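Data block below; observations after.
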Amino acid sequence: MAETRQTETHGFQTEVKQLLHLMIHSLYSNKEIFLRELVSNASDAADKLRFKALSDSSLLSDDAELYVRVSADKDSKTITISDNGIGMTRDEVMSNLGTIAKSGTAEFFSQLSGDQAKDSRLIGQFGVGFYSAFIVAEAVTVRTRAAGAAANEAIEWYSRGEGEFDLKVIEKAKRGTDIILHVRDDAAEYLDEWRLKSIITKYSDHLSIPVQMPKAADEEEKAADKKLEWEAVNSGQALWTREKADISDDEYKEFYKTVAHDFEDPLLWSHNKVEGTSEYTSLLYIPKRAPWDLWNREQQHGIKLYVKRVFIMDDATQLMPSYLRFVRGLMDSSDLPLNVSREILQDNKITRSMRNGSTKKVLSMLSKLAKDEPETYQNFWNTFGTVLKEGPAEDQANQEKIAGLLRFASTHQDSSEATVSLDDYLARMSDKQDKIYYIVADSYEAARDNPALEIFRKKNIEVLLLSERIDEWLMSHLSEYQEKSFQAVTRGDLDLGELEDNADKEQQEAAEKAFAEHTERFAKALGDKVKSVRVTNRLTASPACIVTDSNDMSTQMAKLMEAAGQKVPETKYIFEINPEHTLVQRVVGLDDEARFGEWAQLLLDQATLAERGSLKDPAQFVSRLNKLMLELTDV
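Numbering of the sequence shown is given in the numbering used here, commencing with residue 14 and proceeding in unit increments.
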């Protein structure tokens, strides 16, 4: 191969350096996965060319039989993985082999601890692909020519995984990519062709692209230096096209590891063939662990789309809603055209049918898991629950099913880790209760200790405790479950319905009437700092609280919008007073209106702190508190 341009040296992206360092130091106990990753990438390259050739047959030219080839040379201590697929341009080489072109990598690497066992599991969630080559190689050479490019436009990439890589233009007779691994001494076992063949059979047997290795030759043929003959070592039968009864659990698990680039077994899976108005096969997996970029909604997540076993695209987001973006797997349609594009997918009744079917299947899998294995489902919830909470807002058609999968902390549980389902909650409700009560706060502790819960504890009414940032958004879209409406305990008038007897109502009316003069006094002292002042029916142990009017934006929603950079109008709260509290009784006994005003403001600040977790002017609050404490000390 003649060089046509001098070598360029480039530095790796910082995140790649960190990843390569971990690779080279052998964090993986199962080194053989390097071959699975590289063969999978090569197969994808062939699949992508096959798809592009549907609209431009010239890309195949006279080399239409696509393949992946694996060979080893013990003398030179190299393993070569070759394909005649789509290949890469110079820019693609720079992007794909010089950077990890995904957001969130800094957060990923911040989680690395130096504990090799822990870090190797974390890297397993990362999906390292090409970089797994450095598990066994002290250096890697990549020679690639893009389909449609001239022979003298090929690119060679070389690196020893030490922070830099070399790039140069070369000549390459055929399109596609050759990856040459210069194998380290401690990985010499992988230079044995039988070893390589067993790994390919284990991990890549299902690939529809033939994975070939040199056909065994006798000594006479070797002496004659005959041209290599290649034979396929994989069956080439797509696993999802086989009958379920003929596929073992181990085969399903190994296929998952290939398709999801995961290093652990899946939590559960579902393999279905749908026939009728539209025909397709789906093989859907739910992982045990969250992929590292799960929380990035802008990152493309989805499942692989095939049409009649021909690979069409990765991350077909149209086939799975965003709140199920942790699902991995594939769908193979018999009805879509082979030249389907993302634009066609966006508005196609076949894909809508496939999306609806796959969504219902995943929700059914989770419902069955929750019913049959509650502890396992709790582990799933701890991992993916926050993402699942996006569902009620995104998927009105399945809102009730999604709501049944949600889990909440509650006042009837001992800790934030102990959760209840809405069905559990309904089963414990008294016959007189007609609402599902909940509170949203900044933390579990803030929700648990909010003064607004005092009346509920007194009457032994269970309240759901929500404390994640998404929870207010969730509850703004979840209006009822099993014909029971949701009621926030810190919003509007508290209506306990039949849970309050006539005696409670008469006592409340009497308290309002007796305290009316003082209510007006508080309203005058606080002025426009509050929307109104009234006697509370929520409190039993606290002097005061603030609540949001039913028509106003809630505290947590305002915080959510502010965090997103939105301008939010200032919310004026309703100030509720507990006239039976000793502190309130002493405050209303003050004749000095200035001192009364100071105490009224202090009570408001305390209530605001309990509800919002912060004050607009904490220094003034501290100053006022110190002043009043000194006055009490003087007395």
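Beta carbons: idealized from backbone N, C-alpha and C, even for Gly.
Model, not experiment: these values are computed from the prediction.
Check	Outcome
C-alpha gap between ARG365 and ARG255, whole angstroms	25 Å
Given 8 Å, three or more beta-carbon pairs between the region 41-59 and the region 161-170	no
Span of the beta strand (DSSP E), counted from its first residue to its last, around THR154	150-158
Supposed close pair GLU10, HIS425 - CB separation, criterion 8 Å	With the chain represented from 14 up to 648, any question about residue 10 goes unanswered, as that position is not in the structure.
Residues bridged to SER636 (per DSSP)	Partner(s): none; SER636 has no beta bridge.
The region 571-584 touching the region 594-609, judged by at least three CB pairs closer than 8 Å	no
Member of TRP394, LYS270, SER74, ASN411 whose CA lies at the smallest distance from the CA of LYS215	LYS270
Residue burial classification, GLY137 (beta-carbon count within 10 angstroms, cutoff 16)	Confidence is the limiting factor: at GLY137 the pLDDT is only 41, short of 50, which leaves the residue's position unreliable, though a coordinate-based value still follows. So GLY137 ends up on the buried side.
Beta-carbon spacing of TYR586, THR561 below 8 Å	yes
Residues of its chain near VAL546, where Cβ-Cβ distance is below 6 Å and the 5 sequence neighbours each way are ignored	THR532, PHE535, ALA536, PHE588
Cβ neighbours of GLU120 in the same chain (closer than 6 Å, five flanking residues each side left out)	Unreliable positioning characterises GLU120 in this predicted model, as indicated by a pLDDT of 46, which lies under 50. The coordinate reading is nonetheless provided below. So the list is empty, once near-sequence residues are dropped.
Runs of alpha helix (DSSP H) lying entirely within the region 508-561, each at least 4 residues, in chain order	515-527, 529-539
Residues of its chain near LEU146, where Cβ-Cβ distance is below 7 Å and the 5 sequence neighbours each way are ignored	Here residue 146 turns out to be Ala, not Leu, going by the sequence shown. If we look at ALA146 and ignore the five residues flanking it on each side, its Cβ neighbours are PHE47, LEU51, VAL153, ILE192, LEU194.
Neighbour-count burial assignment, MET642, 16 or more Cβ in a 10 Å radius	exposed
Cβ neighbours of SER563 in the same chain (closer than 8 Å, five flanking residues each side left out)	ARG504, GLY505, ASP506
Where LYS445 falls: helix, strand or coil (DSSP)	coil
Contacting residues, own chain, Cβ-Cβ under 7 Å from GLY24 (five flanking each side not counted)	GLY176, GLU177
CA nearest to the CA of PRO300, picked from ARG338, ALA383, MET326	ARG338
Boundaries (first-last residue) of the alpha helix (DSSP H) holding GLY398	387-401
THR568: first and last residue of the uninterrupted alpha helix (DSSP H) it sits in	568-576
Under the three-state DSSP convention, the category PRO631 falls into	helix
Three CB pairs or more closer than 8 Å across the region 505-519 and the region 420-435	no
Exposure of GLY174, with buried meaning 16 or more beta-carbon neighbours within 10 Å	buried
Continuous alpha helix (DSSP H) stretch holding MET674: start and end	The requested residue 674 is not part of the displayed model; the chain covers only 14 to 648.
Buried or exposed (CB count within 10 angstroms, at least 16 for buried), GLU202	exposed
Assigned secondary structure, GLN19 (DSSP; H/G/I helix, E/B strand, else coil)	coil
Buried or exposed (CB count within 10 angstroms, at least 16 for buried), SER651	A query on residue 651 cannot be resolved here, the shown segment of the chain reaching from 14 to 648 and no further.
Distance, GLY98 Cα to LYS228 Cα	22 Å
GLU589 - partner residues in DSSP beta bridges	ARG547, CYS558
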